[in-house]
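Q: Position 240 (the sequence shown) corresponds to 239 in numbering that gives the first Met the number 0; numbering is contiguous.
Ideal Cβ placement from N, Cα and C applies to all residues, glycine included.
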Amino acid sequence: MNLETKPIAETPNFIVLDQYEKIEQSGSYQSENRLEAELIADLQNQGYEYRKDLNSQSRLLENLRAQLQRLNDVAFSDGEWARFLTEYLDRPAENITDKTRKIHDDHIYDFAFDDGRLKNIYLLDKKNLARNHVQLINQFEQTGTHANRYDVTVLVNGLPLVQIELKKRGVAVREAFNQVHRYSKESFNSGNSLFKFLQIFVISNGTDTRYFANTTKRDKNSFDFTMNWARSDNHPIKDLKDFTATFLQKSVLLSVLLHYSVFDANDTLLIMRPYQIAAAERILWKINSSAQAKNWSGPESGGYVWHTTGSGKTLTGFKAARLATESAFIDKVFFVVDRKDLDYQTMKEYQRFSPDSVNGSESTAGLKRNLEKDGNKIIVTTIQKLNNLMKSQDNLPVYHRQVVFIFDECHRSQFGEAQKNLKKKFKKFCQFGFTGTPIFPENALGAETTAGVFGRELHSYVITDAIRDEKVLKFKVDYNDVRPQFKAVEAEQDEKELSAAENRQALLHPERIREITQYILSRFR
């Protein structure tokens with residue numbers, strides 16, 4: 000049986016695939032060494048460069064120098080390279096937070112060469128991912144408080160950004176997680192270790208493969224935050240062979256590292272989950288396709304995302320808004336929240352991206368000032384302030400520009416006056432809504448549906464998906480009867496009868512409400 004894998008057929012749009020055919024496995028026993036050898040062979044087949052000779056810190060630094068020279072088309076003298084390390088790349092006493100900040104916020108350094116030339120030195124090319132060179136090393140030994148040997152490491156432009164730890168088939172994958180946790184304490188972060196740059200950990204026992212972010216935050220550094228890769232229909236991709244052919248495909252891995260991760264305002268590294276990436280990708284695709292077709296301002300130009308409560312909708316919307324601003328044909332991106340005041344955390348997060356996007360939006364007048372600034376491509380506001388602006392300002396330049404609206408929570412409250420004003424004032428827009436409770440024809444009660452306002456469903460991740468992935472607690476449902484005179488109306492299915500019952504206010508009868516309230520208080524106080 001041929002155990003090699005070939006790269007997945009690259010699609011022009013999505014890294015989270017709509018379809019993927021599982022690779023058949025022999026089912027025979029596989030040792031950890033065999034698993035590692037097969038992984039390396041598969042990655043080489045996918046275009047990774049295997050560098051078995053990079054087995055010491057000095058050789059890693061030599062390779063890093065060569066890769067950065069290639070990427071930036073420069074040549075460092077020995078003195079210049081030493082100065083580049085001490086001034087920027089490996090300053091004394093820097094920790095993993097400092098290194099992560101370099102990857103996300105500070106990956107370009109203005110370096111002065113000995114002859115007086117100033118040049119931007121890039122650690123990574125985030126715009127043209129194909130210019131980043133991907134290499135493999137394995138069994139690298141490093142000593143901190145203890146000596147450790149790491150299974151497989153992925154280098155991007157010479158920097159170790161992904162660490163893969165394996166256990167043989169049959170051993171609990173949690174053992175690999177515990178091993179990574181121990182390495183983090185004992186050696187990854189020692190002295191001048193380049194492994195402080197690690198962004199993603201991958202753990203696998205062959206049959207269950209997961210990824211998670213490198214973070215020191217206790218509330219994020221647990222096995223509960225590990226995640227399987229998946230198809231767009233949320234079907235998990237668990238086997239290492241399949242994970243290698245999808246997640247570890249070079250363009251996919253680089254996209255996750257450089258486009259679909261967030262270093263937030265609390266210095267926490269967040270690597271997006273597959274359903275979050277799938278939703279963001281499909282929003283970006285819809286924006287592009289609507290613009291190309293010149294199809295603006297209708298439900299067919301946008302869509303909605305049905306993601307369950309607690310699944311990270313705000314992060315998904317934030318990333319989609321941020322990536323949408325990179326489209327040259329989009330003049331403004333509005334991130335709209337459905338509450339009177341932007342909460343502190345949302346303000347803090349968006350201030351990292353665009354310092355003026357929130358500060359000036361504390362009032363309707365401030366929102367207007369923000370819209371007039373050419374540099375502010377992303378605007379964070381509330382539905383109330385946006386509606387007040389549209390009611391008070393008849394003719395703003397932004398009304399005639401190409402804009403995107405992303406609604407953090409698209410509830411019924413956004414189907415009324417604000418929607419009418421938006422469609423009346425803005426001439427070229429796409430709008431997208433996130434919701435955990437979409438409104439369908441069967442529960443619309445005669446009102447508009449989510450699809451009728453925002454367009455078709457672009458992606459879903461519902462409560463059953465989240466329970467399967469163990470990302471939310473399971474539900475325990477108890478059915479409790481109240482007085483017999485209310486029992487019949489609670490069970491009524493006929494809409495006319497139900498309407499009549501509601502008209503008699505049976506469901507809102509004070510005695511019924513009192514009994515339900517007493518039941519809740521007696522059991523959950």
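In terms of alpha-carbon separation, which member of I462, L197, A320, L366 lies closest to A278?
A: A320
Q: Give every residue of the same chain whose Cβ lies closer than 6 Å to the Cβ of S203, excluding the five residues on either side of it in the sequence, and list them in chain order.
A: The beta carbon of S203 sits closer than 6 Å to those of L165, L239, all from its chain and outside the five residues before and after it, given in chain order.
Q: Does the Cβ of R522 have 16 or more other Cβ atoms within 10 Å, making it buried, or fewer, making it exposed?
A: exposed
Q: Could you tell me whether the segment 294-301 touches the segment 381-391, where touching means 3 or more Cβ pairs closer than 8 Å?
A: no
Q: Can you list, in chain order, the residues of its chain with a C-beta nearer than 8 Å to that of T4? Leave out the 5 residues immediately preceding and following it.
A: Confidence at T4 is low in this model, with a pLDDT of 48, below 50, so the placement of that residue should be treated as unreliable; the coordinate-derived value is given next. Closer than 8 Å at Cβ, skipping near neighbours: I22, D41, N44, Q45, K240, T243, A244.
Q: Name the two residues that bound the continuous beta strand (DSSP E) containing T434.
A: 427-434
Q: Using a Cβ-Cβ cutoff of less than 8 Å, which residues in the same chain neighbour L117 once the five nearest sequence positions on both sides are dropped?
A: D109, F110, A111
Q: Tell me, which residues are paired with W305 by DSSP?
A: T434, S459
Q: Looking at L253: is its Cβ nearer than 8 Å to the Cβ of Q198?
A: no
Q: Counting Cβ pairs closer than 8 Å, one from the segment 225-239 and one from the segment 183-192, do we hit at least three?
A: no
Q: Given this structure, state the Cα-to-Cα distance separating S288 from Q141, to the nearest angstrom.
A: 49 Å
Q: To which residues of the same chain is P273 closer than 6 Å at the C-beta, ignoring the five residues directly before and after it?
A: Cβ neighbours of P273 within its own chain (closer than 6 Å, five residues either side excluded): V15, W228, A229.
Q: Using only the alpha-carbon positions, how far apart do G435 and D330 sit?
A: 29 Å
Q: Roughly how many whole angstroms lie between the Cα atoms of D72 and Q66?
A: Looking at the two C-alpha atoms, the distance is approximately 10 Å.
Q: Roughly how many whole angstroms lie between the Cα atoms of H399 and F211?
A: 43 Å
Q: Quick one: what does DSSP say D241 is sitting in, helix, strand or coil?
A: helix
Q: Count the other CB atoms within 10 Å of the CB of N213; is the residue buried (16 or more) or exposed (fewer)?
A: With 16 or more other CB atoms across the displayed protein chains lying within 10 angstroms of its CB, N213 is buried.
Q: Might you give, ordered along the chain, the residues of its own chain that have their beta carbon closer than 6 Å to the beta carbon of L34, omitting 5 neighbours on each side?
A: L165, G205
Q: When we look at the beta-carbon of A171 and count the other beta-carbons within 10 Å, is it buried (16 or more) or exposed?
A: exposed
Q: From what residue to what residue does the alpha helix (DSSP H) around A65 run?
A: From DSSP, the alpha helix (DSSP H) with A65 extends over 56-71.
Q: Look at F333 and T380 and say whether their C-beta atoms are less than 8 Å apart.
A: yes
Q: Grouping DSSP H, G and I as helix and E and B as strand, with all else coil, what is D291?
A: Looking at the sequence itself, residue 291 is Gln, so the reference to Asp does not match. Three-state DSSP puts Q291 in a helix.
Q: Let's test the definition: count the other Cβ atoms within 10 Å of the Cβ of G115 and tell me whether it reaches 16, buried, or not, exposed.
A: exposed
Q: Look up D109 in the DSSP assignment and give the residues it is bridged to.
A: N119
Q: So, are the CB atoms of N137 and V151 less than 8 Å apart?
A: yes
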